[in-house]
Amino acid sequence: MKRRQFITLVGGAAAAWPLAARAQQAAVPVIGYLSAGSPATGASTVAIFRQGLAESGYVEGRNVAIEYRFAEGNYDRLPALAAELLRHRVAVILAVPTPSALAAKAATTTIPIVFIAAEDPVKVGLVANLARPGGNVTGWNLLFAELGPKQLGLLRELVPTAARIGLLINPSNMNAADVTKDVTAAGAAMGVEIEVVHATNILEIDAAFASGLESDTIPTGGVTERQIPQ
Numbered sequence: 399m400k401r402r403q404f405i406t407l408v409g410g411a412a413a414a415w416p417l418a419a420r421a422q423q424a425a426v427p428v429i430g431y432l433s434a435g436s437p438a439t440g441a442s443t444v445a446i447f448r449q450g451l452a453e454s455g456y457v458e459g460r461n462v463a464i465e466y467r468f469a470e471g472n473y474d475r476l477p478a479l480a481a482e483l484l485r486h487r488v489a490v491i492l493a494v495p496t497p498s499a500l501a502a503k504a505a506t507t508t509i510p511i512v513f514i515a516a517e518d519p520v521k522v523g524l525v526a527n528l529a530r531p532g533g534n535v536t537g538w539n540l541l542f543a544e545l546g547p548k549q550l551g552l553l554r555e556l557v558p559t560a561a562r563i564g565l566l567i568n569p570s571n572m573n574a575a576d577v578t579k580d581v582t583a584a585g586a587a588m589g590v591e592i593e594v595v596h597a598t599n600i601l602e603i604d605a606a607f608a609s610g611l612e613s614d615t616i617p618t619g620g621v622t623e624r625q626i627p628q
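Numbering-wise (this note's numbering), the sequence shown opens with residue 399 and increments by one.
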């Protein structure tokens, strides 16, 4: 996703606040930021988020407050974190990525939710359809699933003699099965063996590179924590 498009999206979140919510929180409106990642992995996304708000006239600590919640890669924590944001009476929620958006949607049908998702938002049930999302949820789809075979093709061009390529993927991600299937099929068509290695958090990613992917295996990105904006 291009930086300008993301800034426009999050900056426009302010326009989604209901008039009633603005009236109730006229002094300092509160934005909820719900992430499945960690403050470290999401630092760049948070910086762009703040920039987008500033360009719309909202500066954190001056005329808007932001409540941050990070699940640190533990998706099971997201429902509780979403409930915490509701208790803070947030006017809008930015949810990154899809698991965060689903948790936010399950928590409220009235507070506007802006998501950044790697999955098809219609397929996973975030919106009714792309033209008319309906409800209180809207956002941006990154279409990561379609990038797997393309990434593999580019890597093969860089290393044409590679016989085995590793696919590092988070099995908890909703795109994991589709990405694995598509990349494996693309690899078979190229005559390349795909070694699938799972990692659900940063420590496991490091461990995968240290031991799971052998020295003669060239790793390629799948759907992992580090690739999804947090």
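The beta carbon of each residue, even a glycine, is placed where N, CA and C say it ideally should be.
Apply the 10 Å Cβ neighbour rule to residue i and answer buried if 16 or more other Cβ atoms are within range, or exposed otherwise.
i	result
Arg530	exposed
Asn571	buried
Ser442	exposed
Glu360	Any answer about residue 360 is impossible in this case: the structure gives the chain only from 399 up to 628.
Arg554	buried
Gly450	buried
What residues in its chain sit with their C-beta under 8 Å from that of residue i, if we drop five residues either side in the sequence?
i	result
Ala463	Val426, Pro427, Val428 and Ile429
Ala418	For Ala418, the predicted model reports a pLDDT of 45, less than 50, meaning its position is unreliable and no value from the coordinates is stated.
Thr536	Ala414, Pro510, Ile511, Val512, Phe513 and Val525
Gln423	The predicted position of Gln423 is uncertain, since its pLDDT is 46 and thus under 50; no value can be drawn from it.
Gly471	Ala434, Gly435, Ser436, Thr598, Asn599, Ile600 and Glu623
Met645	Missing from the structure shown is residue 645; the chain here goes from 399 to 628 and no further.
Report the rounded CA-to-CA distance for residue i versus residue j, giving the unit in angstroms.
i	j	result
Val577	Ala505	29 Å
Ala608	Leu479	32 Å
Ala445	Thr439	12 Å
Val494	Tyr466	11 Å
Glu602	Gly551	26 Å
Leu528	Tyr431	23 Å
Ser498	Gly435	9 Å
Leu545	Asn461	39 Å
Leu483	Asp604	32 Å
Ala515	Lys521	11 Å
Using a Cβ-Cβ cut-off of 7 Å (strictly less than) and excluding sequence neighbours within five positions of residue i, which residues of its own chain qualify?
i	result
Arg448	Glu458
Pro547	Asp580, Val581 and Ala584
Thr508	Asn534
Ile592	Ile563, Leu565, Val581, Thr582 and Gly585
Starting from residue i and walking both ways along the alpha helix (DSSP H), at which residues does that stretch end?
i	result
Ala605	Ile600 to Ala605
Quick one: give me the first and last residue of the beta strand (DSSP E) that residue i is part of.
i	result
Val594	Glu591 to His596
Runs of beta strand (DSSP E) wholly within the stretch 422-481 (minimum 3 residues, chain order): 428-433 and 463-468
Ordered list of beta strand (DSSP E) runs contained in the stretch 481-526, each at least 3 residues: 490-494 and 511-515
Any alpha helix (DSSP H) of 4 or more consecutive residues that is wholly inside the stretch 539-583: Runs of alpha helix (DSSP H) with 4 or more residues, each lying fully within the stretch 539-583, are found at 545-556, listed in chain order.
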